[in-house]
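So the sequences go chain by chain: A and B. Numbered according to our numbering, the first sequence terminates at residue 124, and the numbering increases by one at each position without gaps. Numbered according to our numbering, the second sequence terminates at residue 1310, and the numbering increases by one at each position without gaps. Ideal Cβ placement from N, Cα and C applies to all residues, glycine included. Note that the coordinates shown come from a computational prediction; the quantities given were computed from them, not determined experimentally. I have placed the structure first, in the form of structure tokens, so that the comments after it can refer back to it.
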Amino acid sequence: QVQLVESGGGVVQPGGSLRLSCATSGFTFNNYGMHWVRQAPGKGLEWVALIRSDGNIKYYADSVKGRFTISRDNSNNTLYLQMNSLRREDTAVYYCAKERYISGSYMDVWGKGTTVTVSS
Amino acid sequence: DIQMTQSPSSVSASVGDRVTITCRASQGVSSSLAWYQQKPGKAPKLLIYVASTLQSGVPSRFRGSGSGTDFTLTISSLQPEDFATYYCQQANSFPWTFGQGTKVEIK
């Protein structure tokens, strides 16, 4: 079955960096776009970034543009999110999600999430 | 950016009740709308996409409708496992945006 497993979360000081990973299995990774979505404590869902299947097209939310970089390794079926210049407001659970594109971009399978805490 | 507004923010209901949640987009998104269910401490789960298409494995008591700017999620007969928070998401254009969520609570 399709599985997504995030890792790399932790506690980091403001201004610091973290790299999240999302290991995937059960589907042909290089055929699908992949999203990152986050959820701050007690808050709703916020889309963060999308990378298309070949890795050449990327989209970012304004809140992370210039600080976060989405990438993928299609040979290892893994998605990444490099997070630099972290701010307290980046504290959240970060989910990776597989894209289903049918007349629009949906998130049809989600990982369990990894927690990022930005605090001094 | 397209703003998604859900109502109500929360609803109290009993097992067997019919529950309706609405989602309004600040501009038309055609039928490119999804509904997700999230239980506490768990990842969201896709229920419905393209406004009314049920994701595989989702019970038929969940129904989505609407197009353009106004959408509805209806749970025809609420079951104990349906108590959760529900989010709409517009899938039409970048940046993809979610509603603020509707919490369905036990009455």
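For S107(A) and L90(A), the gap between their C-alpha atoms comes out near 34 Å. D1273(B) carries a strand assignment under DSSP once its states are collapsed to helix, strand and coil. Under the DSSP definition of a beta bridge, I55(A) partners with M38(A), K62(A). With respect to Q86(A), T95(A) sits apart: the two C-beta atoms are not nearer than 8 Å.
Less than 8 Å divides the Cβ of Q1241(B) from the Cβ of T1288(B). If you draw a straight line from the Cα of N81(A) to the Cα of V97(A), it is about 22 Å long.
In the DSSP assignment, W1299(B) is bridged to no other residue.
For R1221(B), the three-state secondary structure derived from DSSP is coil. About 7 Å separates the Cβ atoms of R92(A) and S123(A), confirming a contact at the 8 Å cut-off. By the Cβ neighbour-count rule, T32(A) is exposed, with fewer than 16 other Cβ atoms within 10 Å of its own.
Taking the CA atoms as reference points, V9(A) sits about 8 Å from S25(A).
Under the 8 Å criterion on CB atoms, V1222(B) is classed as non-interfacial with respect to chain A. Contact annotation for Y1290(B) against chain A: G48, L49 [CB-CB distance below 8 Å, chain order].
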